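Residue numbers (my numbering): 2 to 130.
The beta carbon of each residue, even a glycine, is placed where N, CA and C say it ideally should be.
Fair warning: this is a prediction, and the values are worked out from it, not measured in the lab.
For reference, the structure discussed in these notes is given below.
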């Protein structure tokens with residue numbers, strides 16, 4: 002008896018998320034069909050020019066924008082940034098350094114600090130038990 006393995010596919014939105022790119026900026030042929038796991042792996046291993054350009058120049062999806070600015074996605078929303086931004090727009094925001102961005106970066110730093118404190122506390126408790 003031979004084994005038959007089905008091909009795993011995903012929606013273009015899922016593949017774009019895994020690739021860290023904004024779906025609406027991808028080529029039509031990417032957006033219009035399902036993406037197999039093998040195709041996704043190939044795109045990650047050897048990205049075509051359009052993917053390299055998108056990763057470099059954008060527009061970037063909100064999680065990437067948030068990471069590049071050092072804030073949370075909710076912080077972007079509070080700052081009035083709702084959509085995708087290009088690398089140039091992100092750099093302009095960094096240069097401008099608006100008050101909301103400084104505040105959100107400080108909030109994010111506090112969240113990271115608190116997460117590290119809680120993790121350390123759990124590690125110490127695990128050692129005692």
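Under DSSP, residue 61 forms a beta bridge with 86. With distances taken between CA atoms, residue 69 lies nearest to 106 out of 114, 106, 116, 127. Counting other Cβ atoms within 10 Å of its Cβ, residue 65 reaches 16 or more and is therefore classed as buried. About 5 Å separates the Cβ atoms of residue 32 and residue 13, confirming a contact at the 8 Å cut-off. DSSP places residue 37 within a strand segment (E or B) once states are collapsed to three.
Contact check for residue 86 and residue 123: beta-carbon distance about 36 Å, past the 8 Å limit, so the pair fails to qualify. Between residue 51 and residue 80, the CB-CB gap reaches or exceeds 7 Å. Pairing residue 19 with residue 49, the inter-Cα distance amounts to about 15 Å. Straight through space, the alpha carbons of residue 11 and residue 83 are spaced by roughly 26 Å. Residue pairing for residue 10: DSSP places it in a beta bridge opposite 37.
If the five residues before and after residue 16 are omitted, its C-beta is found closer than 6 Å to the C-beta atoms of 36, 41, all from its own chain and listed in chain order.
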